[in-house]
Every structure is written in C-alpha cells, then in structure tokens.
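J.: Everything in the sequence shown is counted per the working numbering, starting at 1209 for the first residue and increasing by one. Quick reminder that beta carbons are idealized off the backbone N, C-alpha and C, glycines included. Would you mind keeping the following structure in view while I ask a few things?
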Amino acid sequence: MEGKTFVLLIIFGTFAFAGISQWLKAKTDALKHAAKSGDDELKVHVRALEERVRVLERIVTDKKNRLKEEIDAL
C-alpha cells in the first residue's frame, strides 16, 4: 500500500502544482492588464497637468511683460 500511496501523492502533487501555476499566470495577466489601463489614465492626467502648467506659465509671463511695459510707460 505504501508504494501506491506514494504514487498517488506524486500524481496529486503534480496536478496541484499545475493548477496553482495556471492560477498564478491568470492573476499575473490580470494585474498586467490593470497596470496598462492605469498607465493610460496616468497619461491623460499628466497631459491635463501639463496644460495647466502651460496656462500658469503664460499668466506669469504675461504679468511680467505688462509690469515692465507699465514701468517703461511712466
């Protein structure tokens, strides 16, 4: 009986390992997909922030030029 039990344990272990490997692969693929969609959201957010910075730079630059022109006009 010990020989048969040992063989059954090896077979069971092999199937368990294969099942766990497939489960981990599926989880990894799901995480990669989630990370990719998260990257797309971050890119959109960064673009929006870059546009806001451009607007702020324009405002700051325009105020300096206006102030210089007003001083020169005096």
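Roughly how many angstroms lie between the CA atoms of T1213 and A1224, to the nearest whole one?
T.: 16 angstroms
J.: Ignore the nearest five residues each way along the sequence and tell me which others in G1246's own chain have a CB closer than 8 angstroms to its CB.
T.: none
J.: Give me the Cα-Cα distance between W1231 and L1216, rounded to the nearest whole angstrom.
T.: 22 angstroms
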